[in-house]
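Engineer: The sequence shown: position 110 = 190 (the numbering used here), numbered continuously.
After the structure tokens below, expect a handful of questions from me.
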Amino acid sequence: MTSPSPPQDVFLSGLVNDDFVQLPEYKAAGVSEVDFDGLLKTPLRLHEDLKEGCGGQLWPAGMVLSKHLLRQKQVSGSILELGAGGGLVGLAVALAHDTKVHITDQLPMLDLMRKNIELNHLQDKVTASIYDWGSSKPDDIATPDVLLAADCI
81 MTSPSPPQDV
91 FLSGLVNDDF
101 VQLPEYKAAG
111 VSEVDFDGLL
121 KTPLRLHEDL
131 KEGCGGQLWP
141 AGMVLSKHLL
151 RQKQVSGSIL
161 ELGAGGGLVG
171 LAVALAHDTK
181 VHITDQLPML
191 DLMRKNIELN
201 HLQDKVTASI
211 YDWGSSKPDD
221 IATPDVLLAA
231 DCI
């Protein structure tokens, strides 16, 4: 005897489907260039690599948040990005605005964040460090004026 199929949620099936958000393709490791539909004069170069986890790839919410921040005339104050993965959002903000950014994630993403900072010559504007949310805030991370988070799981 087989169990019946679960009832289909008619409301959700009309809202959440492949037409709403396409599932990303898992890419081979490599460098992508993103100009956010012309919002950046010089494209952001981002090394993507999934070998250390899902944070090593561009995801839709990071693209959306980056575009929103790039459209702002000014983004200022101390900025902290949580769950940065490769650093897409924080790096985009640093490229477009005259501000310093601290990008953070767990240990497996640290080398990727640092690689992407160097790839975009942002060593003077962006700092990367480990911040595991289950632990106390590290001393090297100041309380920010602006907190960024996209695609956090």
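Where a beta carbon is used, it is the ideal one built from N, C-alpha and C, also for glycine.
Over the uninterrupted alpha helix (DSSP H) stretch that includes Ile197, give me the two end residues.
Structural biologist: Where Ile197 is concerned, the enclosing alpha helix (DSSP H) stretches over Leu190 to Leu199.
Engineer: Using the beta-carbon count (16 or more within 10 Å), is Asp117 buried or exposed?
Structural biologist: Exposed.
Engineer: Would Pro86 be called buried (16 or more neighbouring beta carbons within 10 Å of its own) or exposed?
Structural biologist: Bear in mind that the predicted position of Pro86 carries a pLDDT of just 45, short of 50, making it unreliable; the figure below should be weighed with that in mind. Under this definition Pro86 is an exposed residue.
Engineer: Who does Thr184 pair with in a DSSP beta bridge?
Structural biologist: Partner(s): Ser209.
Engineer: Going by DSSP in three states, Gly110 sits in which element: helix, strand or coil?
Structural biologist: Three-state DSSP puts Gly110 in a strand.
Engineer: Of all the alpha helix (DSSP H) runs that stay within the bounds of the segment 122-169, which reach a length of 4 or more residues?
Structural biologist: Within the segment 122-169, the complete alpha helix (DSSP H) runs of at least 4 residues are 140-150.
Engineer: For His148, which of Gln186, Asn196 and Gly170 has the nearest alpha-carbon?
Structural biologist: Comparing Cα positions, the closest option is Gly170.
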